[in-house]
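In the numbering used here, the protein residues as written are 1 to 170.
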């Protein structure tokens, strides 16, 4: 059913791409397509969508801040997640940080989902999370990895990376 849904959403996306007045709907459909592509494991399909939306936003002087917050946060999350998968860490950090900072504090599960990509991204860029952040968002899988990095303990680092490899690949 998901593949059929993708077909329908792609057609809708193409139609909305031509209409300047329905940008929020255009970006929402893009978010739904990105969600489906990630679920189907077709990350390579995301580039086309993100390029089309980026060009549309830039061409028509449209800012994601003009969108409803829920749509813009979702869009930036998937955009950042795509950058993680393409190893473009600086752009991933920028998009995911924006998504995290614009997600309401009470939406803890959404903030945690963003942090599952943002924390490793920041770590690769040399910024380690605080223990408080990891505890507050139940990110225990990173606690020992961060400790290993701080202590320079290569054995612990390798053990914990192998132990949680399946969680990191999602």
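Note that beta-carbon positions come from the ideal geometry of N, C-alpha and C, so glycine has one too.
Requested in this report: Quick one: give me the first and last residue of the alpha helix (DSSP H) that residue 146 is part of.
Outcome: 140-151
Query raised in the report: Contact check, residue 118 vs residue 97 under 8 Å by CB: the rounded distance?
Result: 7 Å
Query raised in the report: Of the residues 129, 51 and 8, which one's Cα is nearest the Cα of residue 32?
Result: 8
Report task. Measure the CB-CB distance between residue 27 and residue 75 and report whether it falls below 8 Å. Result -> yes
Requested in this report: Compute the beta-carbon to beta-carbon distance between residue 64 and residue 72, rounded to the nearest angstrom, for a pair I have assumed lies under 8 Å.
Outcome: 4 Å
**Report entry** Buried versus exposed, by CB contacts within 10 Å (16 or more), residue 81
**Finding:** buried
Requested in this report: Using 10 angstroms around the beta-carbon of residue 158, count the other beta-carbons present and answer buried if the total reaches 16, otherwise exposed.
Outcome: exposed
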